[in-house]
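Quick notes on the structure that follows.
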Amino acid sequence: MAKNVLEVKDLKMYYFTSRGAVRAVDNITFELKKGEVLGLAGESGCGKSSLGFTLMGMPTPPGKIVGGSIKIDGREIVGLPEDVLRREIRWQKISMIFQGAMNALNPVYTVGYQMIEPLIYHKGMEKEEALDKAMRYLELVGLAPEIVYRYPHELSGGMKQRVVIATALLLEPELVIADEPTTALDVVVQAQIINLMKKLKKELGLSMIFITHDLSILAEVSDRVAIMYAGKIVEIGDSEKIYYEPAHPYTQKLLAAIPRLHEDVEKLEFIPGQPPNLIRPPTGCRFHPRCPYAMQQCKEQIPELKEIEKDHYAACWLL
Amino acid sequence: MAKAILKVENLKKYFPIKRGLIAGLRGEPHRFVRAVDGINFEVHKQEVFALVGESGCGKTTTGKLVMKLLEPTDGKIYLEGQDVTELRTQEEIKAYRRKVQMVFQDPFSSMNPRFRIYDVLEEPLLIHGIGETKAEREELIYKALEMVKIVPPEDYVGRHPHMLSGGQRQRVAIARALILNPTFIVADEPVSMLDVSIRAEILELMKELKEKMGVTYLYITHDLSTARYFADYIAVMYLGRIVEMGPAKVIIDNPIHPYTRALLAAVPEPIPERRNIIKEVPIKGEVPNAANIPPGCRFHPRCLYMERGLCDMKHPQLVEYEHNHWVECWLAGKI
Amino acid sequence: MRWVDVKASLKDFWFEFRRQKGGLFGLALLFLLIFTALAAPYITEPDIPKKWTQYWEGNPVTVPPVWYNYFTSKKLAPHEVLTSNDLKITADGQDIGGGMKYYSFEFTYENNYDVPPSDIIIRDIGVKLANINSPAQIVVTVIRPDGNKIELLNTELREGSIYQLAKDGKVRAAVFQWASQFENPEKIAEGGETLKNTMDTMRVIFAKAQEGILTNPETLKGAYTFQVEIFTFTEGDQIDLSTTEVILSGRTYGLMGTDYKARDLWAGLVWGTRVSLTVGVTVAVLTVLIGIFYGVTSAYLGGWKDEFMQRVNEFWASIPTLPILILLGAAFKGHVSLWTIVFLMVAFYWTGIAKVARSMALQIKEQTYVEAAIALGAGTGRIIFKHIMPQIMPYAFAAMALNVPSAVLTEASLSFLGLGDPTAVTWGQILYDAQTQSATINGYWWWVIPPGLAITLVAFTFVLLGISLDRVLNPRLKRL
Chain A
18 MAKNVLEVKD LKMYYFTSRG AVRAVDNITF ELKKGEVLGL AGESGCGKSS LGFTLMGMPT
78 PPGKIVGGSI KIDGREIVGL PEDVLRREIR WQKISMIFQG AMNALNPVYT VGYQMIEPLI
138 YHKGMEKEEA LDKAMRYLEL VGLAPEIVYR YPHELSGGMK QRVVIATALL LEPELVIADE
198 PTTALDVVVQ AQIINLMKKL KKELGLSMIF ITHDLSILAE VSDRVAIMYA GKIVEIGDSE
258 KIYYEPAHPY TQKLLAAIPR LHEDVEKLEF IPGQPPNLIR PPTGCRFHPR CPYAMQQCKE
318 QIPELKEIEK DHYAACWLL
Chain B
488 MAKAILKVEN LKKYFPIKRG LIAGLRGEPH RFVRAVDGIN FEVHKQEVFA LVGESGCGKT
548 TTGKLVMKLL EPTDGKIYLE GQDVTELRTQ EEIKAYRRKV QMVFQDPFSS MNPRFRIYDV
608 LEEPLLIHGI GETKAEREEL IYKALEMVKI VPPEDYVGRH PHMLSGGQRQ RVAIARALIL
668 NPTFIVADEP VSMLDVSIRA EILELMKELK EKMGVTYLYI THDLSTARYF ADYIAVMYLG
728 RIVEMGPAKV IIDNPIHPYT RALLAAVPEP IPERRNIIKE VPIKGEVPNA ANIPPGCRFH
788 PRCLYMERGL CDMKHPQLVE YEHNHWVECW LAGKI
Chain C
-3 MRWVDVKASL KDFWFEFRRQ KGGLFGLALL FLLIFTALAA PYITEPDIPK KWTQYWEGNP
57 VTVPPVWYNY FTSKKLAPHE VLTSNDLKIT ADGQDIGGGM KYYSFEFTYE NNYDVPPSDI
117 IIRDIGVKLA NINSPAQIVV TVIRPDGNKI ELLNTELREG SIYQLAKDGK VRAAVFQWAS
177 QFENPEKIAE GGETLKNTMD TMRVIFAKAQ EGILTNPETL KGAYTFQVEI FTFTEGDQID
237 LSTTEVILSG RTYGLMGTDY KARDLWAGLV WGTRVSLTVG VTVAVLTVLI GIFYGVTSAY
297 LGGWKDEFMQ RVNEFWASIP TLPILILLGA AFKGHVSLWT IVFLMVAFYW TGIAKVARSM
357 ALQIKEQTYV EAAIALGAGT GRIIFKHIMP QIMPYAFAAM ALNVPSAVLT EASLSFLGLG
417 DPTAVTWGQI LYDAQTQSAT INGYWWWVIP PGLAITLVAF TFVLLGISLD RVLNPRLKRL
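Residue numbers (this note's numbering), protein chains in the order written: chain A, 18 to 336; chain B, 488 to 822; chain C, -3 to 476.
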């Protein structure tokens, strides 16, 4: 049994704004095994990006972790001081590919310079050695090693994204969080990047959390899928089970809303209403206002994740 | 045969690349980005015509040319038989704008963040002098919001765009486009920035409104799955040319051009069993710079089937491969 | 914009601005300045601007403020004005026969100071002579605390006569003669006429009666009673003592001292606030409005028109402003009004704002919602006023605040160089006078430092406000 590279228990992270506390991450529990890819899906505003940042130990201000535990490779990181997080955890144990990261490359420095910076800072490598490693990783992501001498504006969107992925892998972290890594890319480039992720998964045994709202993309890489709604995980399990036997009404509706390329769909289903306000979420099951099967119990009590079958959990009173 | 609402003939748009003083003095020739390089198509009444392609293919530029936000370098555009490219005076252009409206990609930046929803919808009315009294205008605005299912309208008119969700904003954008009762709507990636679960809703709405109001759509997108669902007719663009076009289902189920095939192969599909299998996408290389269009068939450097001596030297012509299905490829039907 | 929108924006703005401590402090200072400017007629007197260009009778000339005494060992006599209520009238038209009338009044001065008053002025005695050729007679005597009595003055009294004991030659002679009896005869012989002419009359009157009284007088502290007697000779002569004023010209005066025209500098400072605020704010507001209009138009027109407008802007901006203003000021020397200065400043300072406004407008022009507005059929006017300008206004306010200090300083500089409006009460004018009168060399610190500090205060206020406004309103910081 592969060990758990990530264990999250009862994690809570709230944003403290002038209008109240936004419960972006509200009691999240899950594990990730080594070499596994967990897909995290949900609509905009469900808290998936917030969860990503929280796992890195850097919730975006005014966010704060209010409770729960995050164990990376057995080590608890909640409560660790900032300098320890910076020196030992981030980029070395867990790294992140941000949304729109390709636009975050600094235009005045060469690609190589930006890549070797963490190697020199964290690992104390010499410049030659670091550059060498950078070039190797560029090759790994399918780029010519000479790219180290290029500036970001000389590269295409796909190339920049590959650079970002290479940078995230440089320090050989246990776990990589990818937050919407293909959203800004064209469909062909997107397919190439996803292929790259598959390759890295196989060659490096990469453990990854892949965050996106697009369930089609998720299916292409994930071993397990977690569906988030309003700061909570409503369903989690093996990919096949989720896609073919979705238990939670929300998952079912999400899947029904995907336009299919090779199927004739008369009318696409959609979910009426909007995601709820996270400052004052609905009582009971947060999905109940939009759920066609909502019962009285759903309005009053918050359902917990229950094991429906092996490796398949859902939080719903119908089950 | 349904009448053509929009007809585009040999439309071209070249953007000059600024060159330095030295280059000018040396007499170097001007270089251009050939964003749209001679396209022809027709859109019929109440049809949804999808213009599909990756970024840089010229589809957005085409949309802007139809909207007269850009002036063509060459070619003609006809709306209901009238030559749009010949319109000169302010009144003529304004009258044209009333008939052709646009829905933009980014639901947030397409509305002035300081405006309330009421102001956003009132603007077109004020510009074109529709509704003389405030009460008249208010009624039109409420009706428009109801049509896009923003109800009750009173609750929303006082809000600012950032107080609405992405889907709601896009609906307001659609309402804004429809409030003038236009003939034609150019929808530039209207759902790309929305969650997948919301796209269905918006596209459903647009379909419904097409029936109700008799509008015709030019649907610009890079997403073939939504194009299949929403469009009647698809034209695939690459580097400024239409390389294949035909009825939506035909293009998706029987693509002829290698580029179309590559696009279709690249579309992610929710089939988790294949997750460890590398997806085959029959294309190589990167999209070239539109300032340096390859000679011959512009797709040839990326084509896996390209024939030396033919594809890299002579530009293929658009041929009718089968009824109403056009392809621009020397190897059409042979691969 | 609807009122509700404005209210909501203000509320949001205030929420942010409240957190800027510097800004709040600046706001407090601003209120203080505005209050001072508005309340000027009440804090001082309402007619200050009118009499500013004249010599202020009744005030001592170039004396430091009264609180200076706290800082010095040699206490200086303050300025006192005694009206008839303060005078002890001992005889009011006493008939002494032969058609003669006798009037007398006295006042006692407590001299607890090391430096006595610089002058004693007796004036405004109501005199109506039946025959102008037959004036009245006035006798002024002082009884010193050591018992010595000096007859200071015995001379004619006519309508409008003013007696300044320190300057009067007769008084000088009388005092010199009296003092000579105490002084070393050798010194007197040595000094001769010069000694008499350079004698500080007042000091000697108030000096200890001992050797050295003329060369190095030491002040005698104590009560000095001054007696004034008036004789009228003609029937019908009328003396009205109710309007009499005795001014003891102090060595200090008021809250901020006086300048060479005996003007109360405190009044000058207070009234100067009006000019500084008005000029500063007017120039800042006009400059920014014009600059924004120019920049936005240039950006919107685009193409060669934009290029042309920018070249004009750059040309205008490269004109060295201060030297030109100085030249223009010198050309119109003395005939420059405050509004001319305002006009000139606005004419030169709009260029910087125009550049920034243009950049901002160019960025806004590229926004999708501007494109959407064009697609709807909006005309140029609507795009500029409904879409572009509202985005620029926040920057405009911050820019206005930050421009006030330079406007105030320029006006002060121009005035200081003598090219300002000489009739206006401005801090720069005060400094100009100080400079021409060599105030610094003479050590008249109260004339030089307070106006400088006042200018700094105004500049400081607006800098604080401007920086805080910029932090809150800067469009780079996208608040959502």
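Don't be surprised by glycine CBs; every beta carbon is placed ideally from N, CA and C.
For chain B, the residues of the stretch 370 to 396 of chain C that bring a beta carbon within less than 8 Å of one of its beta carbons are 370, 371, 372, 373, 374, 375, 378, 382, 383, 386, 387, in chain order.
When secondary structure is reduced to three states using DSSP, residue 222 of chain C falls in the strand class. Only those residues of the stretch 554 to 568 of chain B whose C-beta falls short of 8 Å from the nearest C-beta of chain C are listed: 554, 556. DSSP places residue 401 of chain C in the helix class (H, G or I) of the three-state scheme. DSSP, read as helix, strand or coil, puts residue 522 of chain B in strand.
By the CB criterion at 7 Å, residue 132 of chain A and residue 161 of chain A fall outside the cutoff. With respect to chain C, the C-beta atom of residue 591 of chain B has a partner C-beta closer than 7 Å. Excluding residues up to 5 positions away in sequence, 29, 30, 31 lie with their Cβ nearer than 8 Å to the Cβ of residue 83 of chain A in the same chain.
Per DSSP, reduced to three states, the secondary structure at residue 81 of chain A is strand.
DSSP lists C/115 as the bridge partner or partners of residue 245 of chain C.
Less than 7 Å divides the Cβ of residue 672 of chain B from the Cβ of residue 588 of chain B. Apart from the 5 residues on each side of it in sequence, residue 506 of chain B sits with its Cβ closer than 8 Å to the Cβ of 515, 517, 518 in its chain, given in chain order. By the 16-neighbour rule on beta-carbons within 10 angstroms, residue 10 of chain C is exposed. Assignment of residue 809 of chain B by DSSP, reduced to helix, strand and coil, places it in the strand class. Between residue 572 of chain B and residue 580 of chain B, the CB-CB gap reaches or exceeds 7 Å.
Rounded to the nearest whole angstrom, the C-alpha separation of residue 118 of chain C and residue 98 of chain C is 18 Å. Taken in chain order, the unbroken stretches of alpha helix (DSSP H) that lie wholly in the stretch 630 to 656 of chain B and span 4 residues or more are 640 to 644. One thing to note: residue 194 of chain C has its Cβ no nearer than 7 Å to the Cβ of residue 130 of chain C. Residues of chain B with a Cβ closer than 8 Å to the Cβ of residue 239 of chain A are, in chain order, 759, 762. Contact between the stretch 184 to 191 of chain C and the stretch 92 to 108 of chain C is not established, with fewer than three Cβ pairs separated by less than 8 Å. Taking 7 Å as the threshold, the shortest C-beta distance from residue 276 of chain A to chain B falls below it. According to DSSP, residue 29 of chain A shares a beta bridge with A/43, A/84. Within chain C, the residues whose beta carbon sits less than 7 Å from that of residue 615 of chain B are 373, listed in sequence order.
As for any beta strand (DSSP E) of minimum length 3 sitting wholly inside the stretch 680 to 744 of chain B, the runs are 703 to 708, 720 to 725, 728 to 734, ordered along the chain. In this chain, the alpha helix (DSSP H) harbouring residue 354 of chain C covers 334 to 361. At a Cβ-Cβ threshold of 7 Å, residue 290 of chain A and residue 319 of chain A do not count as neighbours. Between the stretch 53 to 62 of chain C and the stretch 198 to 212 of chain C there are fewer than three inter-stretch CB-CB distances shorter than 8 Å, so the stretches are not counted as touching.
In this structure, residue 676 of chain B sits away from residue 703 of chain B, with a CB-CB distance that is not shorter than 7 Å. Annotation: residue 184 of chain C is outside any beta strand (DSSP E); the continuous alpha helix (DSSP H) that includes it extends over 181 to 194. Three or more Cβ pairs closer than 8 Å define a contact, and the stretch 211 to 223 of chain A falls short of that threshold against the stretch 132 to 145 of chain A. A Cβ-Cβ distance of about 5 Å is found for the pair residue 599 of chain B and residue 365 of chain C, placing them in contact under the 8 Å criterion. Interface criterion met: the Cβ of residue 597 of chain B is under 7 Å from a Cβ in chain C. In the pairwise beta carbon analysis, the stretch 301 to 315 of chain C is classified as not touching the stretch 398 to 414 of chain C: fewer than three pairs are separated by under 8 Å.
By the C-beta criterion, the stretch 217 to 230 of chain C is judged not to be in contact with the stretch 12 to 30 of chain C, since fewer than 3 inter-stretch pairs fall below 8 Å. Contact between the stretch 367 to 386 of chain C and the stretch 276 to 286 of chain C is absent, with fewer than three C-beta pairs closer than 8 Å.
Residues of chain B whose Cβ lies closer than 7 Å to the Cβ of residue 232 of chain A are, in chain order, 683, 757.
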